[in-house]
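Since the structure comes first, as C-alpha cells, the remarks are kept for the end.
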Amino acid sequence: MKNRFMFRKIITLICVVTFIFVHFVSEGYSQAEQNVSIEKQNEGRSLMIASIFAYGIGLYGPGTAVLLDTDSASQVTALEFLFGGSAFAGGLMATRDYRLGAGRTNLILGSAWTGTLYGIGLPVLFESENPKVYFGSMMLTTPLGGYLGYKLTSHRWYEKGESNMITYGGAVGGLYGLAIPYLINIEGLEDSTQAKIYTVSGLLGIPIGTVASSKIFHNKPISEGRSHLINFGGVVGAYYAAGITSLFDVESSRPYVATAMLGLPVGTYLGYKFTTKGEYTRGRSYLIQLGAVAGALFANGIPLLMEIENHKPYVVASILGSAGGMWLAHQGTRGWGEKAPLAINEHIPQSGKIKVQLPSVNEWFTLGLMTLRKPSYMADIPVELLRISF
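Structure representation (C-alpha cells):
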C-alpha cells in the first residue's frame, strides 16, 4: 500500500515538472525571432534538452527521494533514473519546433541556475536545517527562474556573444556580492547572521550584475569567440592582480580578494579593447586561452628544473608565460576562420565582390620542377600566377 501511494506521488510530481518545462519552452515565439533565419532559431535545442535531463537526474530525482523519506538506495537510484528519463522525453517533445536560438537559450538556462541558487539561499534566511526545505525550495525556484528568464527575453533576439556577456556579468555580480561582506569583515557577528548577510549579498549581486552587463553590452556586435576572450580577460586580470600581490609577501587573504576584484574589470576591459579588430571564432578563442595555460606551464618548467623553492619566480613565470602564450596563439591563429579581406562585406552583391586567386600548391610545385629541369623540348608557355575577377 505504501509503495502504491509513493508511486502515485512520483507520477504526479513528474507530470507537474514536465508540464512546467514544456509550457515555457513550447509557448509562442516573439516577432523578433521570426525575422531570423530558421537555422539560427533552431540552435540551442541540444543544450536545453541536456540541461533539462541534468536537472531531472541531478535535482528532481534525489529531491523526490528526500521529500518522500526514501531510505532504500535502489529506490533512490530508481527515482533518479525515472526523473532523468522523463525529463529527457519531456524536453524532447517540448522542443520539436524549437525557435529560441542559442543566445536566448543561454539566458534562460542562466536564469534557471539563478533560481536554483535562490532555492538554496532562501531557507538560509529562515535558518532552516531541514533538507526537505532546501530540496523543495530548489525544485520550485528552478523552473520559476527559467520561466522568468524566458519572459524577460521574449521582446527581442539575442546573439551568442551578447548572452555570454550577460551571464558572465551575473556570475561576476554574485562573486562580488560574496566578496564585499568578507572585505568589510563581519566575522564578529554570529554565524547565522553571517550566513544571512553572505546569502543576501550574493543573491542581490546576481541580478545587479546581469542588469548592468545587459545595459553595457546591449546589441553590441560581439561574436561568440570574442565574448569568450573578453570573459577570459577578466579571469586573467584577477589572477595577475592576486599574483602581483603575492610578490609582496602579504599574509592576510583580504588584500588578495580586493586586488582580484580590481583586476577582474580591468582585465575584462582590456580583453574588450584588444579584440576590437579582427574576427575571433570559437575555435580560435579556445586556442588563445589554451595558449595562456600552455605558456604558463612552459615558463614554470624553468624554475622547476632549477629546483627553486621560493614562490616568487613561479608567479613571475606564470604571468610572463601566459602573456607570451596568448600572444603566440593569437599570432599563430591570425586569419584562421576569418573571411577573405577583399570580400569581407556580406552586404555587397556576389557580382560586386573582388576575388583574388593564387596558384595552388600543385601548380607551384610543377612550375618549380619545370624551372629547375628546363626541358628543351618544351616551348615557352604562359603561366597564370594571379587571377583577379570582379
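Residue numbers (our numbering): 53 to 442. All residues carry an ideal CB built from backbone N, CA and C; glycine is no exception.
Just to confirm, is the Cβ distance from residue 327 to residue 372 under 7 Å?
Locating residue 327 in the sequence shown gives position 275, where the first residue counts as 1. Locating residue 372 in the sequence shown gives position 320, where the first residue counts as 1. No.
Taking buried to mean at least 16 other C-beta atoms within 10 Å of its own C-beta, is residue 288 buried or exposed?
Counting from one through the sequence shown, the residue named residue 288 turns up at place 236. Flag for residue 288 reads buried.
Tell me the DSSP secondary structure of residue 329 in three-state form.
The count along the sequence shown starts at 1 and reaches residue 329 at position 277. The answer is coil: DSSP assigns residue 329 none of H, G, I, E or B.
Please state the DSSP three-state secondary structure of residue 148.
Along the sequence shown, read from residue 1 onward, the residue named residue 148 stands at position 96. In this structure, residue 148 counts as coil in the three-state DSSP scheme.
Could you tell me which whole alpha helix (DSSP H) segments of length 4 or greater appear in the region 203-290?
212-235, 243-268
Give the straight-line distance between the Cα atoms of residue 95 and residue 154, rounded to the nearest whole angstrom.
Position 43 of the sequence shown, counted from the first residue, corresponds to residue 95. Position 102 of the sequence shown, counted from the first residue, corresponds to residue 154. Distance between the alpha carbons of residue 95 and residue 154 is about 5 Å.
C-alpha gap between residue 180 and residue 117, whole angstroms
Position 128 of the sequence shown holds residue 180. Position 65 of the sequence shown holds residue 117. Cα-Cα distance, rounded: 19 Å.
For residue 133, does the count of other Cβ atoms within 10 angstroms reach 16, so buried, or fall short, so exposed?
The count along the sequence shown starts at 1 and reaches residue 133 at position 81. When all chains shown are included, residue 133 counts as exposed.
Would the beta-carbon of residue 205 fall within 7 Å of that of residue 167?
To locate residue 205, count along the sequence shown from 1; it is residue 153. To locate residue 167, count along the sequence shown from 1; it is residue 115. Going by C-beta atoms, residue 205 is not nearer than 7 Å to residue 167.
What residue from 313, 294, 163, 111 has the CA that sits closest to residue 191's CA?
For the purposes of this step, residue 191 is identified with residue 139 of the sequence shown, where counting begins at 1. When each option's Cα is compared against that of residue 191, the closest is 111.
For residue 135, which of helix, strand or coil comes out of DSSP?
Taking the first residue of the sequence shown as position 1, residue 135 is located at position 83. Residue state, collapsed to three classes: helix.
Check whether the region 259-275 touches the region 221-237, counting contact only when three or more Cβ pairs, one atom from each stretch, lie closer than 8 Å.
A contact exists between the region 259-275 and the region 221-237.
Please determine, among 314, 275, 247, 199, the residue with the shortest C-alpha to C-alpha distance to residue 291.
Taking the sequence shown and counting its residues from 1, one reaches residue 291 at position 239. Looking only at 314, 275, 247, 199, the smallest Cα-Cα distance to residue 291 is reached by 314.
Taking the C-alpha atoms as reference points, what is the distance between residue 98 and residue 113?
Mapped onto the sequence shown, residue 98 falls at position 46. Mapped onto the sequence shown, residue 113 falls at position 61. Going from the Cα of residue 98 to the Cα of residue 113 covers about 21 Å.
What span of residues does the alpha helix (DSSP H) with residue 118 cover, start to end?
The count along the sequence shown starts at 1 and reaches residue 118 at position 66. Counting along the chain, the alpha helix (DSSP H) containing residue 118 begins and ends at 113-119.
Straight-line Cα distance separating residue 243 from residue 376:
In the sequence shown, the residue the question calls residue 376 occupies position 324. In the sequence shown, the residue the question calls residue 243 occupies position 191. Rounded to the nearest angstrom, the two C-alpha atoms are 45 Å apart.
What does the alpha-carbon distance come out to for the pair residue 217 and residue 329?
Counting from 1 along the sequence shown, the entry for residue 217 is found at position 165. Counting from 1 along the sequence shown, the entry for residue 329 is found at position 277. Taking the straight line from one Cα to the other gives about 18 Å.
Given a cut-off of 7 Å, decide if residue 232 and residue 265 are closer than it, judged by their beta-carbon atoms.
If you number the sequence shown from 1, residue 265 lands on position 213. If you number the sequence shown from 1, residue 232 lands on position 180. Not closer than 7 Å, so no.
Please state the DSSP three-state secondary structure of residue 303.
Position 251 of the sequence shown, counted from the first residue, corresponds to residue 303. Taken through DSSP and simplified to helix, strand or coil, residue 303 comes out as coil.
To the nearest angstrom, report how far apart residue 286 and residue 175 are at their CA atoms.
In the sequence shown, the residue the question calls residue 286 occupies position 234. In the sequence shown, the residue the question calls residue 175 occupies position 123. If I take the Cα positions, the gap works out to 32 Å.
My output table needs one value for residue 318: the three-state DSSP class, helix, strand or coil.
Stepping through the sequence shown from its first residue, residue 318 is reached at position 266. Assigned with DSSP and collapsed to three states, residue 318 falls in helix.
Under the rule that 16 or more other beta-carbon atoms within 10 Å means buried, what is residue 271, buried or exposed?
By one-based count along the sequence shown, residue 271 stands at place 219. Residue 271 is exposed by the Cβ-count criterion.
Does DSSP put residue 88 in a helix, a strand or coil?
One-based indexing of the sequence shown puts residue 88 at position 36. Reduced to three states, the DSSP call for residue 88 is coil.
Tell me whether residue 325 is buried or exposed, calling it buried when 16 or more other Cβ atoms sit within 10 Å of its Cβ.
The count along the sequence shown starts at 1 and reaches residue 325 at position 273. Classification for residue 325: exposed.
Neighbourhood of residue 164 by C-beta, 6 Å cutoff - its chain only, sequence neighbours within 5 removed
For the purposes of this step, residue 164 is taken as the residue at position 112 of the sequence shown. Excluding residues within five positions, the ones whose Cβ falls inside 6 Å are 194, 197, 198.
Kindly indicate which residue of 189, 182, 109, 157 has the alpha-carbon position closest to the one of residue 139.
Residue numbering aside, residue 139 sits at position 87 when the sequence shown is read from its first letter. Considering only alpha carbons, the answer is 109.
Note down, in chain order, each residue of its chain lying with its Cβ closer than 8 Å to the Cβ of residue 283, except the 5 sequence neighbours on either side.
For this step, residue 283 is matched to residue 231 along the sequence shown. Within the same chain, residue 283 has close Cβ partners 216, 217, 220, 320, 323.
Tell me which residue opens and which closes the alpha helix (DSSP H) that residue 166 is part of.
Within the sequence shown, numbered from 1, the residue matching residue 166 stands at position 114. 153-177 is the extent of the alpha helix (DSSP H) around residue 166.
Extent of the continuous alpha helix (DSSP H) run through residue 377
Working through the sequence shown from its first residue, we reach residue 377 at position 325. Residue 377: member of the alpha helix (DSSP H) spanning 363-384, first to last residue.
Ends of the alpha helix (DSSP H) at residue 446?
There is simply no residue 446 to check, as the chain begins at 53 and stops at 442 in what is shown.
Residue 122 by DSSP, collapsed to three states: which one?
Translated into positions along the sequence shown, residue 122 becomes position 70. Residue 122 falls in the coil class under three-state DSSP.
Residue 370 vs residue 348 beta-carbon contact at 7 Å
Translated into the one-based positions of the sequence shown, residue 370 becomes position 318. Translated into the one-based positions of the sequence shown, residue 348 becomes position 296. Yes, the Cβ-Cβ distance between residue 370 and residue 348 is below 7 Å.
Residue environment, residue 208, which counts as buried when at least 16 other CB atoms sit within 10 Å:
Here residue 208 corresponds to residue number 156 of the sequence shown, with the count starting at 1. Residue 208 should be labelled exposed.
Is residue 358 helix, strand or coil by DSSP?
Residue numbering aside, residue 358 sits at position 306 when the sequence shown is read from its first letter. Residue state, collapsed to three classes: coil.
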